[in-house]
Each structure stands twice: as structure tokens, then as C-alpha cells.
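For reference, the structure discussed in these notes is given below.
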Amino acid sequence: MGEDISTYIEDIISNIGDETKREALEKEFKKFIEFGVPPDYAKRILLGKFAKDKKRKKLLELKGKESSVNLLCKVITINEKEITARGKSKKILYGLIGDESGVLPFTSWNTSISLEKGEVIEVKNAYAREWQGGVQVNFGERTVIEKVDEDRLPEISLEPKKCKIADLHNVFGPIEITVKVLDVSKKEVEVDGERREVFSGIVGDDTGKAQYTAWHDFNLKEGEIIKISGGYARSWKGIPQIVFDERCKVEKVDRDIEVCSRKLPIHKLVEMRGGIDVMVEGTVIEIKSGSGYIERCPDCNRPTINGECKVHGKVNGIPDLRIKMVVDDGSAGIGVIVGRELTERLINKSIDECRQMGRDKVMEILEKNLLTKRVLLKGNAIGDDFGTTLIAKEIEVLDVDLKGEALNLLQRLEEI
Amino acid sequence: MKRETAWRVFAGEYNESNRVIRGEGKKPSYVITPLGAKVNRLFIVGVLTDVEPLTEGNDFIRAHVSDPTGIYTLYSGQFQPEVTSTLLNSDIPSFVALVGKCRIFEPEEGVVYVSVRPEAVYQVDGDARDRWILETCKSTMERIEALREAKKLSQPNAHDLRKLGYSRALSEGVIEAVKYYKEIDLDKYISMVEEALRYLVPEEAEIKEEEGTQEVSDEIENLVLGIIKELEGEEGALWDSIVEKCVQAGLDKSTAEEAIAALLDKGLVYEPVLGTIKTT
Chain B
3 MGEDISTYIE DIISNIGDET KREALEKEFK KFIEFGVPPD YAKRILLGKF
53 AKDKKRKKLL ELKGKESSVN LLCKVITINE KEITARGKSK KILYGLIGDE
103 SGVLPFTSWN TSISLEKGEV IEVKNAYARE WQGGVQVNFG ERTVIEKVDE
153 DRLPEISLEP KKCKIADLHN VFGPIEITVK VLDVSKKEVE VDGERREVFS
203 GIVGDDTGKA QYTAWHDFNL KEGEIIKISG GYARSWKGIP QIVFDERCKV
253 EKVDRDIEVC SRKLPIHKLV EMRGGIDVMV EGTVIEIKSG SGYIERCPDC
303 NRPTINGECK VHGKVNGIPD LRIKMVVDDG SAGIGVIVGR ELTERLINKS
353 IDECRQMGRD KVMEILEKNL LTKRVLLKGN AIGDDFGTTL IAKEIEVLDV
403 DLKGEALNLL QRLEEI
Chain S
215 MKRETAWRVF AGEYNESNRV IRGEGKKPSY VITPLGAKVN RLFIVGVLTD
265 VEPLTEGNDF IRAHVSDPTG IYTLYSGQFQ PEVTSTLLNS DIPSFVALVG
315 KCRIFEPEEG VVYVSVRPEA VYQVDGDARD RWILETCKST MERIEALREA
365 KKLSQPNAHD LRKLGYSRAL SEGVIEAVKY YKEIDLDKYI SMVEEALRYL
415 VPEEAEIKEE EGTQEVSDEI ENLVLGIIKE LEGEEGALWD SIVEKCVQAG
465 LDKSTAEEAI AALLDKGLVY EPVLGTIKTT
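Chains as they are written, first to last, in our numbering: chain B, 3 to 418; chain S, 215 to 494.
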């Protein structure tokens, strides 16, 4: 029995993060047990009781699993969003909060809470969850928020966080990043009735590539290395973006950096949701129907079925060739789309030859060439609610050195 | 709804699973294997050993697929007519690859039988099976390592495991396995992987071992014989002194003792008094 109690006590102590409460907690817990209260229930009650006056946590100490935390932070940005939950629409607040340790995104599900930008707030009973690979703070029904004097939080850390492109999906608040400019294009857009110049393109470092948008003419040139301090990371369907403007510092750096894409385990790519020029390796476990030789409607580009477009009826289809497949490395799976030219090269057949062979034969060749084979892929990947899809720029079917790899594994096995 | 990972898990590990996380509502269910794979879908390549219709109309069948560690049981019914007919029309035995969902049968609390409901089945060749064995060994080893790492943590938790680079699903599965399967016999799974790997390199592993021991021991025996000759004088050399000299010469103790024993067996040395060796 004693042993049983200690695991509950450990759980509560680690949750409230205050070792000094151990003795009082043990005493109360034992009392509950003596009265025959089930330990799980006793734990819940005492957790609630002890959590109320526990020490506050710093934002960057949060792991994303805390069910009850107290915070002191400043509201950095705030937005409103209407959502539908259980058939009812309600307004929720979201944005960024910061303290001396850093910045995190938050969502307030509690409609009775109102917040304003710049306020310093004391938060009790918030909870933290993991969301899209990072930690998010949530204010729920049980969360109590009190506006406090600004002096209570002497400074919030808006110190730009040093990061690399591979980290961008997981940082909030200002960043400092050193990248190579891979291309620059200028366009004019209208913002609030005002014409503004905006510069955009691709930058890279030794962990990957990202898009950027600069709302100021920093005279960026292709091939330069720049250090951006104070920019922000955004993401569009998982593709990392860096946004910066005249308030940021942009310095030219006098050393070269090598831009390359690291090969990622597929679970990592799915966690990041997407990326530019990413590289993955995995096994083809499925070739989707609709792969191979198809004809498309000349008006809307939809694939035709028996020479008919769903919208435009009987049409003279334009031939096309493509592969839609699932590649999985055992850690996660992604959809992969291979376009016409890559497919032609892969199976060493032209689209005309494919048309002559007929769909079934082409499918047979694709299956023979790809199914259960290990492939190396490079391309842009985008993420949505259904997972991640990579549009291949390069594909290579790998020869697996079975014996060599097996001997390597045997050796590693001795070490574990 | 995100795509479920197609895990690589040997039958020998999968069939030992008796922990299930039941999905509520639209959430999927998962089987937690003893090494912490959190499985909803599997990718398997193995040998189709039998297909047995369970109904008269052949619309519900049971089949078995074997890998180097055990046998998967498959069930396929009228909702996968293509899979069912592919299986019924396959040669026995033949190599098949399949992607399938976990099928869980829990006749009573705590008793779990797992099988597989294939979503797609393909005819493949032996190379595909060998590649799969290799991948599955790699995955299994990763789980063994993750489990070891989890046990090193003062309070095993998925967050710290993920920091080591393991995927979220694996980290969560491993923590669940540590909690649920109190005594996991890791050595059993290590030998399972080893056997599967030997399967891929049977001749090389053996040749290397034989040649290796043969060559080395000839060389060592000559060295040890030289040392004995050096030490023996009239009375013979003391066993302990020989071993000591051998260790100085760079051999380890057990090898030196084995070499002396081998020389005795061959009659190149004898033991006039217990603990003393002399050349013949």
C-alpha cells in the first residue's frame, strides 16, 4: 500500500512542481485513504487543492502536458475567431503571450475572459497542450485571469530567438536567423489603400529552405548571406516563411553557408507538416488508383472517365501521366505525387508508348517498378488535415544492399 | 483524419501484444506491442502459407502469413472483395506484401487476440521480403533502444523521449508499454532480431565465424607454444606464469587458457604435475 501511495504523491508533486508541499500532501492523502476514498479520486481532489497556490511556471518550462498551471505573462498579440463547437458558434481569443523566458501561442476557450494587448495578467489553472509540434497555452472554463500591475512582470523576453530553418515550425515570437538569399522578386501590393513594395523569394541554410517576405527594401541580392534579427516565423500549409520589415535589423554577413536539405525521417516531416525542397526516404506501400496514363479535360484539367469530363461531358482528352502513391518509412506515411516527366524517366517509357500500351499495362509496370521498393524523394511538401503530400522534383528507386545493411545492424545489435 | 503509419512489426512481437487503447467516437484504436509500437496499421511482407474459407460463399476467409519470427493471422471479408479474391487465388506458398489494419478480439477483460485485416495485398518476390525483414529489424531495434532510454528516465514520459528524436507515436507507445508490460524480456527480442538478420546473411555470418576462429587460434596456439618453450626449462612452466606471459603479449586470459587446453588436446604439451605444462 505504501508503495502505491508514493506513485500518486510523486505524480502530484511533479505536477505542482513544489517539493516543499510533500509532507502536507502525504498527510492529507493518507487521511483520504483511511476513509476509503479511491486513490485516483483522492489524487484528483488534492491536485486541485494544491495546484491553486502552487508556484507559477515560466512559459518555456511548459512541456505541453500540464493540466493545471499558473502563469504571469503579458499579452503580446490578440485576435478573435469564431468557431463552431457542438453545433453552437462561439467566439474564442487567440494570440501570443510572453514572460521573461519567452513567447508562446495561447487560445482562450472561455468566453467570459476578455483580454487586451499589452496587459500583464496573472493566470491560474490554465492548461498546456501540444499543438502542431509546439506547446500551446489554453485558458478553459476553470481558468481564472486577473489583470495585474505591469511592474509585476519586469521584462518580457522579446529577445530574438536564434534558430535555423528546421526549427521555424516550432518558434513563436521574434527570431534571429542567418540565411542565404536564393532568389528575390519584387511586387507591389495594396495594403489599406496604400501601395507598398514587397520583396519575396526563397532563403536557405544548412537545415533547409524557407520562403520569405520583406516589407521593406533591404536591397537583398541573390547569393548574399544575411542575418535577420527580429523577424517572425509563419507557416502556410507547413511551408515555413520568414516575415520581416523595417523594424528588423538585417545585416550582410561575410561568410558563406552551405544550403542543403537534410534527409528527414517521415514522422519529422509530418510533424512539420510541410517544407521546401525536403528529402525523405521510405517504402512505396501503395499506388493509388488513378495513377498511370490518364486523359484530362482540355477545359478544366480534371481527369476524364471513359472520355467524359464530370463537368464538360464528352471531350477530346489531353494525355497525361502521373503517379499518386503512399510512401511510408515505418515512422509515418505521406502521399507522393510524381508528374509526367519524372514518371516517363522512371519507367523509361514515353507518354505515347504509354497510351499505346493502355492503362492496365502502365499500372502493371508502375507496380512492378515501385511497389515495396525503397525510394529517395525530393520536393516540396504541403500539409493539410489529411496529412502531408510531397510533390516530387526528384525520385530515385534505391538498390538496397541487403547483406551490407544486415551486417551493420548485427554489429549495432551487439552494442545495444 | 491523418493517415495512420504502417508500422513494421514482426509477428513474434505483434502476437505478444495484449494492451489495447480503445478509440472513442471517431478516434482510432491502437494495439500497443510489448516494445511500444502504437499500431493501427501494419505493412507486412511474408509467405502466404494457407487460405481457408470460413463461409460457404467464400466471402469470409482466414489466411496465415509467416515471417522469420512467427505467423500473422489475417481475416478478410466481403468489405475487401479484391483482397479476399487475391488471397483465394494466390499460390501456396508464395510471397505477399500487405497493408492492413489491426483486428482486435477481446473475449474478456485482459485477454486480447490480435490479427490483421488486410486493406491491400500484392504478389511480390523474395527480394521484397528480404527488404522488409531488414526494415523490420531496424524498426524493432529502434523500439528496443527507445524502451531502454525510457527506463533510464527517472519518470518515464513521452516528452523527454521525443526530445531524443523518437516520433510522438513511438514515444507514447513506449511509455504505455513500460507502464503496462511490467517485465519485458528485451533479450528475447534482441535474439529475435538477430535471428532475422542471420536469415539475411546466413553463409557470411557462418563463414566469418569459422574462418575467424580457425585462423586466430592457429596463430595464438603457436604464440602460446613459444611462450611455454621459453618458460619451461627442466621442470615445465607454471600454468599461471604462462597465462600471465600471454596476457603481456596481448591475449586475453580466457583465450590463453583455451589455447593451452587446445595444445593439451593436440598432445603438443602435457601436464607432468597438476598446474605445470611441458612440451612433448
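Using N, Cα and C, we set each Cβ at its ideal position, and we do this for glycine too. It should be emphasised that the depicted structure is a prediction, and the values quoted were computed from it without experimental measurement.
Given S:Val223 as reference, the closest of S:Tyr403, S:Val338, S:Tyr394 once Cα atoms are compared
Looking up residue 223 of chain S in the second sequence gives position 9. Selected option, being the one with the closest Cα: S:Tyr403.
Straight-line gap, B:Ile167 to B:Pro242 (C-alpha atoms, nearest Å)
To locate residue 167 of chain B, count along the first sequence from 1; it is residue 165. To locate residue 242 of chain B, count along the first sequence from 1; it is residue 240. C-alpha separation (whole angstroms): 8 Å.
Can you tell me where the alpha helix (DSSP H) holding S:Trp453 begins and where it ends?
To locate residue 453 of chain S, count along the second sequence from 1; it is residue 239. Its alpha helix (DSSP H) spans residues 453 to 462.
Start-end ranges of the alpha helix (DSSP H) lying completely within the stretch 271 to 314 of chain S, minimum 4 residues:
295 to 302
Ordered along the chain, which non-local residues of its own chain (more than five positions away) have a Cβ less than 8 Å from that of B:Lys59?
Looking up residue 59 of chain B in the first sequence gives position 57. Result list for B:Lys59: Gly19, Glu68, Val71, Asn72, Leu73, in chain order.
What number of angstroms, rounded off, separates the C-alpha of S:Asp432 from the C-alpha of B:Gly206?
Position 218 of the second sequence, counting from 1, holds the residue named residue 432 of chain S. Position 204 of the first sequence, counting from 1, holds the residue named residue 206 of chain B. In a straight line, the C-alpha of S:Asp432 is about 59 Å away from that of B:Gly206.
Excluding the 5 residues flanking S:Thr219 on each side, which residues of the same chain have their C-beta closer than 7 Å to its C-beta?
Taking the first residue of the second sequence as 1, we reach residue 219 of chain S at position 5. Correct list, in chain order: Arg255, Ala383.
Roughly how many whole angstroms lie between the Cα atoms of B:His218 and B:Phe201?
Numbered from its first residue, the first sequence carries residue 218 of chain B at position 216. Numbered from its first residue, the first sequence carries residue 201 of chain B at position 199. Going from the Cα of B:His218 to the Cα of B:Phe201 covers about 7 Å.
Less than 7 Å between CB atoms is the rule here; does S:Leu288 satisfy it with respect to chain B?
As a working mapping, residue 288 of chain S is identified with position 74 in the second sequence. Cβ-Cβ to chain B under 7 Å: no for S:Leu288.
Check each candidate in B:Asp354, B:Val125, B:Glu157, B:His269 and name the one with the smallest Cα separation from B:Ile147.
One-based indexing of the first sequence puts residue 147 of chain B at position 145. Of the candidates B:Asp354, B:Val125, B:Glu157, B:His269, the one whose C-alpha sits nearest the C-alpha of B:Ile147 is B:Val125.
Here's a check: name, in chain order, each residue in its chain whose Cβ is nearer than 7 Å to the Cβ of B:Glu346, leaving out the five neighbours to either side.
By 1-based counting over the first sequence, the position of residue 346 of chain B is 344. Excluding residues within five positions, the ones whose Cβ falls inside 7 Å are Leu323, Ser352, Ile353.
Can you tell me which of the three DSSP states B:Lys223 falls into?
For the purposes of this step, residue 223 of chain B is identified with residue 221 of the first sequence, where counting begins at 1. Of the three classes helix, strand and coil, the one that applies to B:Lys223 here is coil, per DSSP.
Determine, using beta-carbon pairs with one atom in the stretch 266 to 282 of chain B and one in the stretch 304 to 314 of chain B, whether at least three such pairs fall under 8 Å.
By the Cβ criterion, the stretch 266 to 282 of chain B is not in contact with the stretch 304 to 314 of chain B, since fewer than three pairs of Cβ atoms, one from each stretch, lie closer than 8 Å.
Could you tell me whether any Cβ in chain B is nearer than 7 Å to the Cβ of S:Glu386?
Looking up residue 386 of chain S in the second sequence gives position 172. Taking Cβ atoms only, chain B never reaches closer than 7 Å to S:Glu386, which makes this a no.
Close-in-space but distant-in-sequence residues of the same chain around B:Glu417 (CB under 6 Å, 5 per side omitted)
Here residue 417 of chain B corresponds to residue number 415 of the first sequence, with the count starting at 1. Correct list: empty, nothing qualifies.
Exposure of B:Gln358, with buried meaning 16 or more beta-carbon neighbours within 10 Å
What you label residue 358 of chain B is simply residue 356 of the first sequence in a count that begins at 1. That one is exposed.
For B:Ile397, which of B:Asp362, B:Gly341, B:Leu409 has the nearest alpha-carbon?
Against the first sequence, residue 397 of chain B aligns to sequence position 395. Taking only the C-alpha atoms, the option nearest B:Ile397 is B:Gly341.
Output, in chain order, the set of chain B residues within a Cβ distance shorter than 7 Å of S:Val415.
Indexing the second sequence from 1 puts residue 415 of chain S at position 201. Residues of chain B passing the Cβ test: Lys405, Ala408, Leu409.
Just by C-beta distance, which residues in the stretch 400 to 411 of chain S are closer than 8 Å to chain B?
Ile404, Val407, Glu408, Leu411
Sorry if obvious, but does the Cβ on S:Leu367 come closer than 6 Å to a heavy atom of the ligand COA?
Ligands in the displayed structure: none, and consequently the ligand COA is not present.
Find the nearest neighbour of B:Gly319 within the set B:Asn308, B:Val329, B:Gly142, B:Met327, judged by alpha-carbon distance.
Residue numbering aside, residue 319 of chain B sits at position 317 when the first sequence is read from its first letter. Minimum Cα distance to B:Gly319 is reached at B:Asn308.
With which residues is S:Ser329 paired in a DSSP beta bridge?
Mapped onto the second sequence, residue 329 of chain S falls at position 115. According to DSSP, S:Ser329 shares a beta bridge with S:Arg317.
Got a sec: which bits of the stretch 369 to 397 of chain B sit with their beta carbon under 9 Å from any beta carbon on chain S, in order along the chain?
Glu369, Leu373, Thr374, Lys375, Arg376, Asp387, Phe388, Gly389, Thr390
Figure out for me which residue from B:Ile227, B:Lys251, B:Lys239 has the closest Cα to the Cα of B:Gly233.
Walking along the first sequence from the start, residue 233 of chain B turns up at place 231. Of the listed residues, the one whose Cα sits closest to B:Gly233 is B:Lys251.
Give the interface partners of S:His373 over in chain B, defined as CB-CB distance under 8 Å, in chain order.
Residue mapping note: residue 373 of chain S aligns to position 159 of the second sequence, counting from 1. What S:His373 touches in chain B: Lys65, Gly66, Lys67.
Kindly list the residues whose CB is nearer than 7 Å to the CB of S:Glu188, restricted to its own chain and excluding five residues on each side of it in sequence; keep chain order.
Residue 188 of chain S falls outside the range modelled here, since chain S spans only 215 to 494, and no answer is possible.
For S:Ile421, the three-state DSSP class (helix, strand or coil):
Within the second sequence, the letter at position 207 stands for residue 421 of chain S. Note that S:Ile421 scores 48 on pLDDT, short of 50, meaning its location in the model is unreliable; the coordinates nonetheless yield the value given after this. If DSSP states are grouped into helix, strand and coil, S:Ile421 belongs with the helices.
From B:Leu344, B:Gly100, B:Ile296, pick the residue whose C-alpha is nearest to that of B:Cys356; which is it?
Residue mapping note: residue 356 of chain B aligns to position 354 of the first sequence, counting from 1. It is B:Ile296 whose Cα lies nearest to the Cα of B:Cys356.
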